[in-house]
Amino acid sequence: MEIRFYNTLSNSTEVFQPVNSDCVRMYSCGPTVYDFAHIGNFRSFLFADLIRRTLEFFGYKVHHVMNITDVGHMTDDANADGGGEDKMQAAARRIKEDKKSGKVPEGAVGNPDDPYQIAQYYTDAFLSDARTLGVKVAFEYPDNILHATKNIDVMQEMIATLISNGHAYVGADGVVYYSVESFPAYGSLSGNTLDRLLTGAGGRISEENQSNKRHPADFMLWKPDKTHIMKWDSPWGAGYPGWHIECSCMARKRLGRDVIDIHTGGEDLIFPHHECEIAQTCGATGQDTFARFWMHARFLMVEGEKMSKSKGNFWTVRDVLEGRATGIKVHPAVLRLELIKSHYRANMNFTKKGLQDSAGIVRRLTDLRTRLEADSGGKAQPVDLSHPILKQFAEALADDLNVAGALGVIVPWAAESHSDAGVALGILNKVNDVLAVAPLASETATIDDGEASRIQALCTQMDDARTRKDWATADGIRKEIQAAGYDVKTSPQGTIAEKRLA
RNA sequence: GGGGCGGUAGCCAAGUGGCUAAGGCAACGGAUUGCAAAUCCGUCACGCGAGGGUUCGACUCCCUCUCGCCCCUCCA
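Counting along the first sequence from 1, when you hit position 225 you're at 224 in numbering that gives the first Met the number 0, and nothing is skipped either side.
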């Protein structure tokens with residue numbers, strides 16, 4: 000089946016073919032580890048995971064690599080390409096505050112002034128969130144998730160190459176800059192070509208900050224700075240690398256190719272980050288292509304508004320899962336589905352109602368699995384894409400990851416009665432290889448704090464009351480169970496309480 | 001000002017030149033129930049942001065306008 004993806008590079012949907020048929024090589028811009036990742040970050044990471052799972056669904060082997068940005072970049076790069084506060088220092092200050100408030104547990108970060116400990120703390124948190132939400136690459140850490148701080152040498156090699164072949168220079172301020180004028184294709188990804196950047200800058204480019212550069216759009220590759228909290232020796236003085244260089248280097252190093260198949264990230268990374276990555280990699284390799292497909296996920300909104308700390312709708316993954324966003328705990332599968340179910344290239348609105356819709360679908364697919372496993376004795380039959388249901392599901396995915404269309408096939412199918420449970424289970428397994436929501440194999444173990452047996456006891460009491468026709472008591476108990484976050488159902492075997500998923 | 005993306009029912013969301021505009025949620029009617037929940041049956045867009053144009057025919061192609069989002073400064 001022909002797979003088509005939207006390529007930001009061409010602003011059109013193209014048929015996907017890997018460079019080498021043995022394996023699809025893809026790279027995803029990962030998190031910075033100065034704070035907990037939020038749901039917007041994870042929309043992007045889950046989008047990458049969806050690409051990977053879809054390609055695997057179609058039989059491709061996929062090598063997926065992601066980075067972790069743990070170099071302490073500056074909060075305010077607009078000023079002198081490295082002004083403002085160091086992000087690690089900001090994180091250290093925040094961790095100290097969070098320890099006082101209990102948001103960060105005492106003892107979690109032994110020494111908040113050690114940037115490596117801060118990075119490790121938030122890296123662990125990210126990996127835990129990613130595994131909870133079923134992001135495959137997170138289970139391949141550290142092999143396929145690379146730290147910038149462990150690859151400074153590769154970055155320095157590429158910078159040296161770029162200097163020697165005329166793509167980079169040392170400015171009057173000692174900073175190594177990439178010369179955008181040396182790379183005629185600069186702007187081809189974003190449409191922000193040099194002439195347009197100049198005419199459209201509208202006074203945003205400050206003269207004094209640009210005097211050391213040959214062109215206002217030249218960007219930093221290495222910043223000598225002895226005062227920086229994280230610094231490394233280099234031929235250009237002790238300092239730290241520019242923001243863009245790590246991805247160029249780590250993608251090439253780990254994927255082992257100058258030209259890779261897919262590069263993903265959030266839409267905000269199109270410019271300047273990915274534009275600069277292309278300039279760096281192509282400048283160093285001499286190739287005219289870095290990634291053949293550039294794919295970007297749109298930002299999400301929260302209840303119709305931009306997510307921002309000041310609006311109080313800025314949710315981390317743990318905020319949502321632990322119920323701080325909506326007032327009720329959310330099952331990871333529900334959050335996963337909610338973040339992947341609308342098209343990655345369309346505006347997505349994250350809402351409580353959306354979560355409840357997703358919970359209904361997760362419940363339906365989970366119930367289907369329970370039924371099918373019982374009816375088939377747990378034996379799934381092998382099913383291939385020639386089966387009508389899987390074929391329609393596959394066609395939707397192959398059409399630029401149309402998850403909503405794919406769900407439009409699967410959800411009604413799940414409600415039908417299935418004459419051959421083994422075949423249906425085979426279909427569900429294939430579907431779940433992509434969606435990963437029924438079940439979601441996750442790291443988080445269910446902690447039984449005695450709640451289950453307490454709820455079960457209430458169910459028994461409710462059955463007793465119903466036998467006595469003591470309706471008032473039965474209704475009271477039902478309300479109590481519901482208040483604990485359960486749906487109450489009546490079955491021939493007695494009252495059943497199911498924990499609400501969102 | 002420049003570069004992009006998107007606006008389909010109360011909500012989410014497919015369809016992208018031609019049968020009656022998928023599917024889900026919500027809502028409503030019915031079956032069922034002690035009452036509910038769950039389940040099952042049924043109803044639910046003469047319409048696809050607005051206006052023009054092309055066409056035998058447009059939600060689907062073209063133009064104009066409008067609204068929303070992203071980027072041009074760190075940002076998924």
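Where a beta carbon is used, it is the ideal one built from N, C-alpha and C, also for glycine. Keep in mind the model is a prediction, meaning the values are calculated, not measured.
Inset, instruction - Check whether the segment 263-275 touches the segment 295-307, counting contact only when three or more Cβ pairs, one atom from each stretch, lie closer than 8 angstroms. - result: yes
Inset, instruction - Could you have a look at residue 506 and say whether DSSP puts it in helix, strand or coil? - result: The chain is shown from 0 up to 501; residue 506 falls before or after that span and cannot be answered.
Legend entry - Bounding residues of the alpha helix (DSSP H) (the contiguous stretch that carries residue 171): Your numbering for residue 171 matches position 172 in the first sequence. Element bounds for residue 171: n/a, residue is neither H nor E.
Inset, instruction - Assign residue 39 to one of two classes, buried (16 or more other C-beta atoms within 10 Å of its C-beta) or exposed (fewer than that). - result: Translated into positions along the first sequence, residue 39 becomes position 40. Under this definition residue 39 is a buried residue.
Legend entry - Other residues of its chain near residue 374: CB distance less than 7 angstroms, five sequence neighbours each side excluded: Position 375 of the first sequence holds residue 374. Excluding residues within five positions, the ones whose Cβ falls inside 7 angstroms are 420.
Legend entry - Top-ranked residue by Cα proximity to residue 246, from 315, 28, 1: Here the question's residue 246 lines up with position 247 in the first sequence. Among 315, 28, 1, the Cα nearest to that of residue 246 belongs to 28.
Inset, instruction - Pick out whichever of 280, 140, 258 has its Cα sitting closest to the Cα of residue 153. - result: Walking along the first sequence from the start, residue 153 turns up at place 154. If we check each option's Cα against that of residue 153, 280 comes out closest.
Legend entry - residue 258, DSSP secondary structure in three states: For the purposes of this step, residue 258 is taken as the residue at position 259 of the first sequence. If DSSP states are grouped into helix, strand and coil, residue 258 belongs with coil.
Legend entry - Buried versus exposed, by CB contacts within 10 Å (16 or more), residue 69: If you number the first sequence from 1, residue 69 lands on position 70. Looking at its Cβ environment, which holds 16 or more other Cβ atoms inside 10 Å, residue 69 is buried.
Inset, instruction - For residue 0, count neighbouring C-beta atoms within 10 Å of its own C-beta (all shown protein chains included) and say buried if the count is 16 or more, exposed if not. - result: Stepping through the first sequence from its first residue, residue 0 is reached at position 1. Exposed: under 16 other Cβ atoms inside 10 Å.
Inset, instruction - Mind the definition here: the segment 336-355 touches the segment 30-49 only if three or more C-beta pairs lie below 8 angstroms; say whether that holds. - result: yes
Inset, instruction - Any chance you could list the alpha helix (DSSP H) runs of at least 4 consecutive residues sitting entirely within the segment 42-104, in chain order? - result: 86-100
Legend entry - Straight-line Cα distance separating residue 396 from residue 363: As a first step, residue 363 must be located in the first sequence, where it is residue number 364. As a first step, residue 396 must be located in the first sequence, where it is residue number 397. Roughly 21 angstroms separates the two Cα atoms.
Inset, instruction - Please name the residue or residues paired with residue 3 in a DSSP beta bridge. - result: Here residue 3 refers to the residue found at position 4 of the first sequence. Note: residue 3 sits in a beta bridge opposite 14, 398.
Legend entry - Nearest-angstrom beta carbon gap, residue 216 and residue 193 [assumed within contact, 8 angstroms]: For this step, residue 193 is matched to residue 194 along the first sequence. For this step, residue 216 is matched to residue 217 along the first sequence. Contact holds; Cβ gap of about 6 angstroms.
Legend entry - Exposure of residue 186, with buried meaning 16 or more beta-carbon neighbours within 10 Å: On the first sequence, position 187 is the one that residue 186 refers to. It is buried - the Cβ of residue 186 has at least 16 other Cβ atoms within 10 Å.
Inset, instruction - Please look up how many angstroms separate the CB atoms of residue 133 and residue 439, rounded, as I've assumed it's under 8 angstroms. - result: Counted from its first residue, the first sequence places residue 133 at position 134. Counted from its first residue, the first sequence places residue 439 at position 440. The Cβ separation is near 5 angstroms, so the contact holds.
Legend entry - According to DSSP, residues forming a beta bridge with residue 292: Position 293 of the first sequence holds residue 292. Beta-bridge pairing links residue 292 to 261.
Inset, instruction - Put residue 189 into one of helix, strand or coil per three-state DSSP. - result: For this step, residue 189 is matched to residue 190 along the first sequence. Three-state DSSP puts residue 189 in coil, outside helix and strand.
Inset, instruction - State the DSSP-derived secondary structure class of residue 19, mapped to helix, strand or coil. - result: What you label residue 19 is simply residue 20 of the first sequence in a count that begins at 1. Here residue 19 sits in coil by DSSP.
Inset, instruction - Please determine, among 389, 434, 301, the residue with the shortest C-alpha to C-alpha distance to residue 360. - result: Stepping through the first sequence from its first residue, residue 360 is reached at position 361. Comparing Cα positions, the closest option is 434.
Inset, instruction - Compare the Cα-Cα distances from residue 488 to each of 323, 455, 432, 112 and report the closest residue. - result: What you label residue 488 is simply residue 489 of the first sequence in a count that begins at 1. Nearest C-alpha to residue 488: 455.
Legend entry - Inter-residue spacing [alpha-carbon to alpha-carbon] between residue 271 and residue 414: Here residue 271 refers to the residue found at position 272 when the first sequence is read from its first residue. Here residue 414 refers to the residue found at position 415 when the first sequence is read from its first residue. Each residue's Cα considered, the two are about 47 angstroms apart.
Inset, instruction - Give the straight-line distance between the Cα atoms of residue 286 and residue 149, rounded to the nearest whole angstrom. - result: Working through the first sequence from its first residue, we reach residue 286 at position 287. Working through the first sequence from its first residue, we reach residue 149 at position 150. For residue 286 and residue 149, the distance between alpha carbons rounds to 26 angstroms.
Legend entry - DSSP three-state assignment for residue 301, whether helix, strand or coil: For the purposes of this step, residue 301 is identified with residue 302 of the first sequence, where counting begins at 1. Here residue 301 sits in strand by DSSP.
Inset, instruction - Go through its chain and collect everything with a Cβ distance to residue 23's Cβ below 6 angstroms, but skip five positions before and after it. - result: Residue 23 sits at position 24 when you count from the first residue of the first sequence. Correct list, in chain order: 17, 54, 59, 61, 260.
Inset, instruction - Decide yes or no for the touch test of the segment 94-112 against the segment 173-187: beta carbon pairs closer than 8 angstroms, at least 3 of them. - result: no
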